[in-house]
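In this note's numbering, the protein residues as written are 7 to 259. Everything on this sheet refers to the single structure shown next.
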């Protein structure tokens, strides 16, 4: 009986140790840390092929739905195609706006329906091509996460001196594996990225979203996730059934 109690106590003690992560002080948003982040993020942009995506056609398939993102000379077009029963549905978002066609006939949508469909299409494309679109943002280095498997730079998106979005960038391959975002209130989400698909020098992502527990500070979300002794609740996922990248020539005037 004593052995059983001792074993239980040890198990509880180990669990407690795993859950209590040492929160190291974060670095401030000063000039030195902005310059450090700028160099790290530029390596990430180069490694993921951000510049190449300025003139490219990217296609991917997710849960039976076909997506395409096309960019060239400041013009863009996102498209989603799927079927529901006998209906062929096509959503298109470009510089002119959003439209939906069902069996090649233009569908009239309410403003709420347009916003919902447009947001979903943008979100899917943006996450697959992440970090494309962040080229003009300001970053600063806030610290490191060191694990048995890898070391990560912690990079914050500048927002009046407070980090509202944090990236964990692998210091060896320069790819982003975790992103934490605030939801606009006290909650947040952690996105685990799998950037292993690569073609034509462009990395595309599969993404897994998790709710950040209330007790976990957003800027330490990936630290806790890596060391967690229990599974976090997965809220969404974006898996690529197929994907392809076609680079195009850019003859902008």
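For each residue, glycine too, the CB sits at the ideal point set by N, CA and C.
Between the region 53-71 and the region 173-185 there are three or more inter-stretch CB-CB distances shorter than 8 Å, so the stretches are counted as touching. If you check the CB distance, residue 149 and residue 32 come in under 9 Å. 9 Å or more divides the Cβ of residue 193 from the Cβ of residue 154. Across the set 257, 151, 123, 83, the C-alpha of 151 shows the shortest separation from the C-alpha of residue 227.
Secondary-structure assignment with DSSP links residue 157 through a beta bridge to 152. For the pair residue 163 and residue 143, the CB atoms are nearer than the 9 Å cut-off. Taking residue 234 as reference, the option from 243, 244, 216 with the minimal CA-CA separation is 216. Distance check between residue 145 and each of 41, 61, 70 places 41 closest, using alpha-carbon atoms only.
Per the C-alpha coordinates, the member of 60, 36, 83, 81 positioned closest to residue 140 is 60. By the Cβ neighbour-count rule, residue 201 is buried, with 16 or more other Cβ atoms within 10 Å of its own. Collapsing the DSSP output to three states places residue 143 in coil. When the alpha-carbon of residue 81 is set against those of 103, 159, 210, 232, the nearest one is in 103. Here residue 29 is exposed: its Cβ has fewer than 16 other Cβ atoms, across all protein chains shown, within 10 Å.
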